[in-house]
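Novice: Taken in order, the sequence shown gives residues 3 to 472; the numbers are from our numbering. C-beta atoms are modelled at their ideal positions from N, C-alpha and C, and glycine is treated no differently.
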Amino acid sequence: MFRGPVRLAVCLAMSCALLFAMAGPAAAQISGDNGTGTGTGTGTGTATDGAAAGVTVDADGLVKTIIVPGNKRLNKQRRAAIRKELTEDLTKFSPLRKVSLVRLEQACTEFAETQKHVTPDMQYLAGLQRIDYVFVFPESHDIVIAGPAEGFAEDGAGRTVGLTTGRPPLRLDDLMVALRAVKRGDDVGCSIDARPENLAKFKQYQASHSGAASASVGKKRFAQMAKILGNQKVTIWGVPPDSHFARTMVEADYFMKKISIGQLRLRVRGFKTHLSMVGPGDDMANRWWFAPLYEPFQASDDGNAYKISGPRAQLFAENEIVTADGKRIGVGTKAASTDRYANHFTEKFPQLADAVPAFAELQTLFDLLTVSALIEKQGLAERIGWSMSLFLDDQRGTVAKWNVPRDVPTSVAYKWTRGRMLIGMVGGGVMIDPRRTLEAVAIEEGDESLIEKQTAAEEAELPAGRWWWD
Numbered sequence: 003m004f005r006g007p008v009r010l011a012v013c014l015a016m017s018c019a020l021l022f023a024m025a026g027p028a029a030a031q032i033s034g035d036n037g038t039g040t041g042t043g044t045g046t047g048t049a050t051d052g053a054a055a056g057v058t059v060d061a062d063g064l065v066k067t068i069i070v071p072g073n074k075r076l077n078k079q080r081r082a083a084i085r086k087e088l089t090e091d092l093t094k095f096s097p098l099r100k101v102s103l104v105r106l107e108q109a110c111t112e113f114a115e116t117q118k119h120v121t122p123d124m125q126y127l128a129g130l131q132r133i134d135y136v137f138v139f140p141e142s143h144d145i146v147i148a149g150p151a152e153g154f155a156e157d158g159a160g161r162t163v164g165l166t167t168g169r170p171p172l173r174l175d176d177l178m179v180a181l182r183a184v185k186r187g188d189d190v191g192c193s194i195d196a197r198p199e200n201l202a203k204f205k206q207y208q209a210s211h212s213g214a215a216s217a218s219v220g221k222k223r224f225a226q227m228a229k230i231l232g233n234q235k236v237t238i239w240g241v242p243p244d245s246h247f248a249r250t251m252v253e254a255d256y257f258m259k260k261i262s263i264g265q266l267r268l269r270v271r272g273f274k275t276h277l278s279m280v281g282p283g284d285d286m287a288n289r290w291w292f293a294p295l296y297e298p299f300q301a302s303d304d305g306n307a308y309k310i311s312g313p314r315a316q317l318f319a320e321n322e323i324v325t326a327d328g329k330r331i332g333v334g335t336k337a338a339s340t341d342r343y344a345n346h347f348t349e350k351f352p353q354l355a356d357a358v359p360a361f362a363e364l365q366t367l368f369d370l371l372t373v374s375a376l377i378e379k380q381g382l383a384e385r386i387g388w389s390m391s392l393f394l395d396d397q398r399g400t401v402a403k404w405n406v407p408r409d410v411p412t413s414v415a416y417k418w419t420r421g422r423m424l425i426g427m428v429g430g431g432v433m434i435d436p437r438r439t440l441e442a443v444a445i446e447e448g449d450e451s452l453i454e455k456q457t458a459a460e461e462a463e464l465p466a467g468r469w470w471w472d
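1. Hey, N288 and N321 are a contact pair by Cβ (cut 8 Å); roughly how many whole angstroms apart?
2. Output yes or no for whether 7 Å exceeds the beta carbon distance between Y256 and I230.
3. On the premise that I68 lies in contact with V57, defined as a C-beta separation below 8 Å, what is that separation, rounded to the nearest angstrom?
4. Taking all protein chains shown into account, decide if P465 is buried (16 or more other Cβ within 10 angstroms of its Cβ) or exposed.
5. Which word fits S302, buried or exposed, when buried means at least 16 other C-beta atoms lie within 10 angstroms of its C-beta?
6. Could you tell me which uninterrupted beta strand (DSSP E) segments, each at least 3 residues in length, are contained entirely in the region 204 to 246, listed from first to last along the chain?
7. Just mark S2 as buried or exposed, buried being the case when its beta carbon has 16 or more other beta carbons within 10 Å.
8. E107: buried (16+ other C-beta within 10 angstroms of its C-beta) or exposed?
9. Please state the DSSP three-state secondary structure of T121.
10. Is R289 helix, strand or coil when you go by DSSP?
11. Could you say if the region 385 to 404 and the region 206 to 221 meet the contact criterion of at least three C-beta pairs nearer than 8 Å?
12. Are the CB atoms of V65 and V410 nearer to each other than 7 Å?
13. In this structure, what does DSSP give as the bridge partners for W470?
14. Please go through the same chain and pick out, in chain order, the residues whose beta-carbon is closer than 6 Å to the beta-carbon of P27, but skip the five residues on each side of it.
15. Does the Cβ of A159 lie closer than 6 Å to at least one heavy atom of the ligand PLP?
16. Alpha carbon to alpha carbon, how far is T348 from T237?
17. Around the C-beta of P298, are 16 or more other C-beta atoms found within 10 angstroms, so that it is buried, or is it exposed?
18. Take A109 and list the residues in its own chain whose beta-carbon comes closer than 7 Å to its own, dropping the five residues that flank it on each side.
19. Would you check if there are 3 or more beta carbon pairs closer than 8 Å linking the region 127 to 144 to the region 165 to 181?
20. Counting pairs of beta carbons, one from the region 185 to 193 and one from the region 143 to 155, are three or more of them closer than 8 Å?
21. Measure the C-alpha to C-alpha separation of S389 and A180 and round it to an integer number of angstroms.
22. Report the three-state DSSP secondary structure of K417 (helix, strand or coil).
23. Could you tell me whether the region 189 to 198 touches the region 231 to 251, using the rule of 3 or more Cβ pairs below 8 Å?
24. Cβ of S262 within 7 Å of Cβ of T275?
25. So the beta strand (DSSP E) Y475 belongs to, where does it begin and stop?
26. Give a yes or no on whether the C-beta atoms belonging to A307 and F137 are separated by under 7 Å.
27. Based on Cα-Cα distance, which residue from F139, P97 and D62 lies nearest to T167?
28. Going straight from the alpha carbon of V241 to that of T162, what length do you get?
29. Below 8 Å on the Cβ atoms is my guess for L165 versus G149; work out the distance and round it to an integer in Å.
30. What is the residue span of the beta strand (DSSP E) that P171 lies within?
31. Drop a sphere of 10 angstroms on the beta-carbon of A183, count the other beta-carbons inside from all chains shown, and report buried for 16 or more, exposed for fewer.
32. Quick check on DSSP: helix, strand or coil for T275?
33. Classify G129 as helix, strand or coil using the three-state DSSP reduction.
34. Between which two residues does the beta strand (DSSP E) containing Q300 stretch?
35. Residue range of the beta strand (DSSP E) that Y135 falls in?
36. With distances taken from CA atoms, which of E384, E450 and F368 is nearest D176?
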């Protein structure tokens with residue numbers, strides 16, 4: 003290893019972001035994973051050696067990483083326990099499970115009248131993991147969503163995941179939050195930002211400590227930079243900040259930032275971190291944000307059947323400069339490594355979502371928002387006379403409350419380059435780009451194969467109170 007003097011260059015990952023932009027009477031408790039409606043907000047991702055990496059949000063709102071070693075025996079015990087709570091047909095994997103939104107709301111209304119918590123199959127939408135189809139049945143006054151599904155259980159670190167795929171199911175509370183956000187016409191997002199006063203101090207320190215130094219001194223400088231930046235502020239808008247929806251957005255961004263600087267290593271073939279791509283000249287701040295990525299929707303001529311496909315999310319990036327007083331200004335350009343990493347991350351996102359449940363849950367949020375926007379834009383609820391009286395009422399249909407994410411600690415990483423220069427990255431945060439809207443998704447009509455799918459999806463004779471079928 004080179005041990006001579008080095009000159010420091012800082013690549014500051016200012017923001018890792020999420021984009022959610024919307025097109026333009028008793029209480030039903032939609033409970034959290036533990037059924038209490040409260041908690042620390044623990045979630046999981048995937049780290050090396052089979053361990054589960056996740057985050058907790060403490061009572062003060064500080065987001066922290068947790069690592070839970072894998073335990074096959076405990077996982078088998080949890081799965082055995084959940085199988086006792088779920089019906090046998092619900093635990094089986096289904097490539098196309100159908101969920102009636104109207105019947106589901108009716109079932110939830112019965113719980114609202116008795117003020118009971120909904121059952122696990124309701125909370126997790128019968129194990130549905132993705133929305134591939136939306137079917138409208140005007141004669142039976144119903145809207146049905148369909149996609150792959152299976153039984154589910156807690157993975158030991160706080161997240162509910164599929165029994166065989168490990169992918170998290172869609173959640174009822176997230177669905178209601180999405181429907182309400184779309185109905186209000188709100189943009190939805192979260193932002194994790196270094197405080198301007200700390201950025202100003204950071205710039206001053208960088209200017210006075212950018213000369214040649216030994217490797218050990220260089221490491222100390224980067225640690226000091228992270229200390230100067232301190233905890234970064236979390237801002238959430240468009241959804242309740244204490245909702246599972248909000249926590250999931252923050253968690254996904256937090257993981258993306260840590261992955262980009264190599265602090266979480268993944269078993270994804272061919273995936274490279276941003277830190278591995280940067281060179282001596284990449285010393286500008288970076289802004290990263292997630293945005294929806296769907297193929298054009300396929301629709302039947304009558305507008306009663308829709309097929310949804312695509313990776314669900316993509317990563318965008320832009321370089322910024324930081325002024326002396328700590329303000330960030332977009333320069334409208336991207337360094338080669340910044341652009342390359344954004345494209346690389348987007349290309350690998352389907353595999354990343356398989357490896358990191360936090361990203362898979364991000365996909366479910368995009369699906370729920372996209373379908374909610376589709377229902378609103380196409381007037382599907384009005385077409386069947388569905389008022390969504392419970393789902394849209396935050397007084398009657400309450401959702402679980404989690405600790406509000408308020409602060410994220412700054413992270414630091416470094417590497418050696420061939421030019422014997424130590425490159426450091428002080429991990430940043432998240433920001434929303436509200437210009438990316440779900441209206442950009444095209445709807446292409448004329449796919450008559452959807453009629454066959456819709457006919458096959460028609461409700462069979464179901465038991466009273468049943469709202470899903472295979």
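Specialist: So, from the data block:
1. Locating residue 288 in the sequence shown gives position 286, counting from the first residue. Locating residue 321 in the sequence shown gives position 319, counting from the first residue. Contact flag correct, Cβ pair sits at about 6 Å.
2. For the purposes of this step, residue 256 is taken as the residue at position 254 of the sequence shown. For the purposes of this step, residue 230 is taken as the residue at position 228 of the sequence shown. Not in contact: Y256 and I230 (Cβ atoms no closer than 7 Å).
3. In the sequence shown, counting from the first residue as 1, residue 57 sits at position 55. In the sequence shown, counting from the first residue as 1, residue 68 sits at position 66. Indeed they touch by this definition, with Cβ atoms about 7 Å apart.
4. In the sequence shown, residue 465 corresponds to position 463, counting from 1. By the neighbour-count rule (16 or more Cβ atoms within 10 Å), P465 is not buried but exposed.
5. Taking the sequence shown and counting its residues from 1, the one referred to as residue 302 is at position 300. Classification of S302: buried, given that the 10 Å Cβ count is 16 or more.
6. 234 to 239
7. The question about residue 2 has no answer, for the chain in this structure spans 3 to 472.
8. On the sequence shown, position 105 is the one that residue 107 refers to. Buried: at least 16 other Cβ atoms inside 10 Å.
9. Counted from its first residue, the sequence shown places residue 121 at position 119. Coil at T121, not helix or strand.
10. Position 287 of the sequence shown, counting from 1, holds the residue named residue 289. Residue state, collapsed to three classes: strand.
11. no
12. Translated into the one-based positions of the sequence shown, residue 65 becomes position 63. Translated into the one-based positions of the sequence shown, residue 410 becomes position 408. Taking 7 Å as the Cβ cut-off, V65 and V410 qualify as a contacting pair.
13. As a position in the sequence shown, residue 470 is number 468, starting the count at 1. DSSP output for W470 lists V101 as bridge partner(s).
14. The residue labelled residue 27 in the question sits at position 25 within the sequence shown. With a pLDDT of 33 at P27, under the threshold of 50, the modelled position of that residue is not reliable, and the figure given next carries that caveat. Hits under 6 Å: R398.
15. Looking for the ligand PLP in the displayed structure turns up nothing, as the structure carries no ligands at all.
16. Position 346 of the sequence shown, counted from the first residue, corresponds to residue 348. Position 235 of the sequence shown, counted from the first residue, corresponds to residue 237. The straight-line gap from Cα to Cα measures roughly 25 Å.
17. As a first step, residue 298 must be located in the sequence shown, where it is residue number 296. It is exposed - the Cβ of P298 has fewer than 16 other Cβ atoms within 10 Å.
18. One-based indexing of the sequence shown puts residue 109 at position 107. Excluding positions up to five away in sequence, the list reads M124, G467 and W469.
19. yes
20. no
21. Working through the sequence shown from its first residue, we reach residue 389 at position 387. Working through the sequence shown from its first residue, we reach residue 180 at position 178. For S389 and A180, the distance between alpha carbons rounds to 16 Å.
22. Walking along the sequence shown from the start, residue 417 turns up at place 415. It is a strand residue.
23. yes
24. Reading the sequence shown from its first residue, position 260 is the one you call residue 262. Reading the sequence shown from its first residue, position 273 is the one you call residue 275. Cβ distance < 7 Å, so S262 and T275 count as in contact.
25. Given that the chain is displayed from residue 3 to residue 472, the structure contains no residue 475 and the question cannot be resolved.
26. The residue you call residue 307 lines up with position 305 of the sequence shown. The residue you call residue 137 lines up with position 135 of the sequence shown. Yes, they are a contact pair.
27. Taking the sequence shown and counting its residues from 1, the one referred to as residue 167 is at position 165. The shortest C-alpha separation from T167 is found at P97.
28. The count along the sequence shown starts at 1 and reaches residue 241 at position 239. The count along the sequence shown starts at 1 and reaches residue 162 at position 160. Roughly 22 Å between the two C-alpha positions.
29. In the sequence shown, the residue the question calls residue 165 occupies position 163. In the sequence shown, the residue the question calls residue 149 occupies position 147. Contact flag wrong, Cβ pair sits at about 16 Å.
30. The count along the sequence shown starts at 1 and reaches residue 171 at position 169. Looking at the DSSP string, P171 is not in any beta strand (DSSP E), and its letter there is neither H nor E.
31. Taking the sequence shown and counting its residues from 1, one reaches residue 183 at position 181. Burial call: buried.
32. The residue you call residue 275 lines up with position 273 of the sequence shown. Residue state, collapsed to three classes: coil.
33. If you number the sequence shown from 1, residue 129 lands on position 127. Of the three classes helix, strand and coil, the one that applies to G129 here is helix, per DSSP.
34. Counted from its first residue, the sequence shown places residue 300 at position 298. Q300 -> beta strand (DSSP E) spans F299 to A301.
35. On the sequence shown, residue 135 is found 133 positions in, with the first residue counted as 1. Its beta strand (DSSP E) spans residues Y135 to F139.
36. As a working note, residue 176 is residue 174 in the sequence shown. Out of E384, E450 and F368, F368 has the C-alpha closest to the C-alpha of D176.
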